[in-house]
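Here's the structure, in structure tokens; my notes come after.
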Amino acid sequence: MADTFRRDALHGKTLGDGCVTESPRRVPVRSDVDVLVCGGGPAGVTAALAAARQGARTLLVERYGMLGGVWTAGLMNPFFECMDRGWIVQELVDRLRAAGALRNWYYSHTFDTEVMKLLLEEMATAAGVTLLYHTLVVDAIVEDSRLRGVVLESKAGREAVTAKVVVDATGDGDVAARAGCRYEFGRPSDGLLQPMTLMFEIRGLGDWEMNDARVLYDAMTEAMAREKIPYEMPFSRSKAVPWIISAPPRGTGDVQLTHVYRMNTLDPTDLTRGTIEARRQAHQAMAVLKRVPGLEGIELVQTAPQIGVREGRRVRGRHWLTVADLKAGRRFDDAVTSCGFVVDIHDVEGRAEGAQKPLIRIQPYEIPYRCLVAEDVRGLLLAGRCISGSHEAHASYRVTGTCAAMGQAAGLAAAWTAADNGADVAELPGERLRAFLADHGARFLDDGMTMSVPEKE
Ligand SMILES: Cc1cc2nc3c(=O)[nH]c(=O)nc-3n(C[C@H](O)[C@H](O)[C@H](O)COP(=O)(O)OP(=O)(O)OC[C@H]3O[C@@H](n4cnc5c(N)ncnc54)[C@H](O)[C@@H]3O)c2cc1C
Numbered sequence: 011m012a013d014t015f016r017r018d019a020l021h022g023k024t025l026g027d028g029c030v031t032e033s034p035r036r037v038p039v040r041s042d043v044d045v046l047v048c049g050g051g052p053a054g055v056t057a058a059l060a061a062a063r064q065g066a067r068t069l070l071v072e073r074y075g076m077l078g079g080v081w082t083a084g085l086m087n088p089f090f091e092c093m094d095r096g097w098i099v100q101e102l103v104d105r106l107r108a109a110g111a112l113r114n115w116y117y118s119h120t121f122d123t124e125v126m127k128l129l130l131e132e133m134a135t136a137a138g139v140t141l142l143y144h145t146l147v148v149d150a151i152v153e154d155s156r157l158r159g160v161v162l163e164s165k166a167g168r169e170a171v172t173a174k175v176v177v178d179a180t181g182d183g184d185v186a187a188r189a190g191c192r193y194e195f196g197r198p199s200d201g202l203l204q205p206m207t208l209m210f211e212i213r214g215l216g217d218w219e220m221n222d223a224r225v226l227y228d229a230m231t232e233a234m235a236r237e238k239i240p241y242e243m244p245f246s247r248s249k250a251v252p253w254i255i256s257a258p259p260r261g262t263g264d265v266q267l268t269h270v271y272r273m274n275t276l277d278p279t280d281l282t283r284g285t286i287e288a289r290r291q292a293h294q295a296m297a298v299l300k301r302v303p304g305l306e307g308i309e310l311v312q313t314a315p316q317i318g319v320r321e322g323r324r325v326r327g328r329h330w331l332t333v334a335d336l337k338a339g340r341r342f343d344d345a346v347t348s349c350g351f352v353v354d355i356h357d358v359e360g361r362a363e364g365a366q367k368p369l370i371r372i373q374p375y376e377i378p379y380r381c382l383v384a385e386d387v388r389g390l391l392l393a394g395r396c397i398s399g400s401h402e403a404h405a406s407y408r409v410t411g412t413c414a415a416m417g418q419a420a421g422l423a424a425a426w427t428a429a430d431n432g433a434d435v436a437e438l439p440g441e442r443l444r445a446f447l448a449d450h451g452a453r454f455l456d457d458g459m460t461m462s463v464p465e466k467e
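Take 11 as the starting number for the sequence shown in my numbering and just add one per residue.
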């Protein structure tokens, strides 16, 4: 009888002192590319599209079975700061609108999550991006202070990919950290991070529209008292958090109502605890929401596959963007995008009513290419919420339109550098990127880009 059984190679390990020592092993290189993009969220997907459209052999590695990151796996809406970004971001907005999957919502836009998933895949495929889903980036390959590629883990085991340029768009700066780059994590004074939020999707809204978070907060408080529902709001009234965000298709809403505090967003134990606690909050909140006049017909469709992480590592780049830059409305010759979003710090301590910190007033500002260039290792670009900036500045630039705009700039820079064999991303003049992006519809401050979100009280 033929032997039909298979057996994988064993990797030597010894156990001792509460640690496992792994023997050296040979890891196969599954591919060599020009540009490797790690993470397929708003920043990663636009980076990969930009690089591939410039002719770079581009691979995007993503841990989930979809593109979009917090847009899709996180059920997050709205698409803040998506206008005036030009090029790929504008094309995405136009395609969503053409598909009937975008609607105006207050001062922003909301989108249909399922259409977003499909469109991103269609755009990636058309551009020639190679997608690799269900794969985690676990390590970095650094030689002589130059990042040469990464190590992956998947059902296929451990494999490597080498690349001329790597874009870290993991949100949390996983690649940069593994490559030995310096980073900040949390509020510098005590390391506390903004709370995580598990978004959830509801249907049955009909024509009901949210007008003000405090009005919804009061209606929920009243319903809890009237119906004697034992529920505690996970934030204060002054934070103005409870949001039911109407999104296409009609009658659907993405709800931002859960908050879990004092969690380490890089620790799987805290991510697990936080997810379980936030899901409990979501179901309890539904019981209250259904008692709010006008919302009696709503139903829970799903909680998000991924809890929303507001804050991870902020990696040291060639410019550290601070709140002083934001207050000054600073412009940069090598700007890759502008940003006008408020400094939206969700209370890191979960403090009680009245303890809200005063709003930090800023002006529209620009983000320089240097914030995307890792300082401690060559061959690495940062895009999205892990770029180089302070705890406060990050609370403004982390919105998805800005992250997507950084992504398209990072992909462009990666492709141009890869085409210039032997060059490093740090040598690329950021002014060239700015000029290209402006030619492709991106608006910078001198072109009249303004604050896109009204200041909160
Ligand atoms: C609850 C919440 C509400 C928000 N509300 C808004 C809002 O209303 N509007 C707005 O515009 N922004 C909002 N934001 C901010 C915004 O969603 C994020 O800052 C933004 O998504 C960051 O984009 P990114 O591409 O850097 O990261 P992410 O969206 O986090 O994408 C990172 C991607 O990388 C993948 N990945 C991570 N690590 C690895 C790895 N090691 N290997 C392989 N893949 C990996 C992830 O699966 C993910 O797809 C909100 C954020 C949260 C958490």
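Note that beta-carbon positions come from the ideal geometry of N, C-alpha and C, so glycine has one too. Note that the structure is a prediction, hence the values are computed from the model and not measured.
As summarised for the segment 379-426, the continuous beta strand (DSSP E) elements at least 3 residues long and confined to that stretch are 390-392, given in chain order.
When the five nearest sequence neighbours on each side are left out, the beta carbons in the same chain lying within less than 7 Å of the beta carbon of His329 are those of Pro378, Arg380, Cys381 and Ser398, in order along the chain.
With a cut-off of 8 Å on Cβ pairs, the segment 152-172 is not in contact with the segment 282-302, counting fewer than three such pairs. Shown here for Ala187: same chain residues with a beta carbon closer than 8 Å to its own, the five before and five after excluded, namely Tyr193, Arg323 and Val325 in chain order. Assigned with DSSP and collapsed to three states, Phe210 falls in strand.
Approximately 21 Å separates the beta-carbon atoms of Tyr74 and Ala60; this is outside 8 Å, ruling out the contact. DSSP places Lys174 in no alpha helix (DSSP H) but in the uninterrupted beta strand (DSSP E) bounded by Gly167 to Asp178. Considered as a whole, the segment 211-267 harbours 253-257 and 262-266 as its complete beta strand (DSSP E) runs of no fewer than 3 residues, in chain order. Ranking Arg260, Gly417, Gly451 and Phe90 by CA distance to the CA of Leu46 puts Gly417 first. In the DSSP annotation of this structure, Gln294 is not part of any beta strand (DSSP E); the continuous alpha helix (DSSP H) holding it starts and ends at Pro278 to Leu299.
As a beta-bridge residue in DSSP terms, His119 pairs with Asn114. Taking C-alpha positions only, Trp81 is separated from Met133 by approximately 16 Å. Beta-bridge analysis with DSSP links Ile370 to no other residue. Taking a C-beta distance under 9 Å as the contact criterion, Leu70 and Cys191 do not qualify as a contact pair. For Phe195, the secondary structure class from DSSP, reduced to helix, strand or coil, is strand. When secondary structure is reduced to three states using DSSP, Glu101 falls in the helix class. When rounded, the separation of the alpha-carbon atoms in Glu131 and Ala452 is 23 Å.
Secondary structure of Gly54 (DSSP, three-state): helix. Taking the Cα of Asp104 as reference, the smallest distance to any Cα among Tyr116, Phe89 and Tyr117 is reached at Phe89. DSSP places Glu376 within a strand segment (E or B) once states are collapsed to three. Between Gln312 and Phe195, the CB-CB gap reaches or exceeds 9 Å. Judged by DSSP in its simplified three-state form, Thr275 adopts coil rather than helix or strand. In this model, Ala229 and His356 are separated by some 22 Å (Cα to Cα).
By the C-beta density criterion, Val30 is exposed, having fewer than 16 other C-beta atoms within 10 angstroms. Distance from the C-beta of Pro52 to the nearest heavy atom of ligand 1 is below 8 Å.
In the DSSP annotation of this structure, Gly75 is not part of any beta strand (DSSP E), being labelled neither H nor E. Around the beta carbon of Leu20, fewer than 16 other beta carbons sit within 10 angstroms, so the residue counts as exposed. By the neighbour-count criterion, in which a residue is buried when 16 or more other Cβ atoms sit within 10 angstroms of its Cβ, Ser33 is exposed. DSSP places Leu25 inside the beta strand (DSSP E), whose first and last residues are Lys23 to Gly26. When the alpha-carbon of Ala445 is set against those of Val346, Lys127, Gln291 and Gly421, the nearest one is in Val346. Between the alpha carbons of Met93 and Gly411 lies a gap of roughly 8 Å. In terms of Cβ geometry, Ile254 and Leu305 form a close pair [threshold 9 Å]. For Gly440, the enclosing alpha helix (DSSP H) starts and ends at Gly440 to Asp449.
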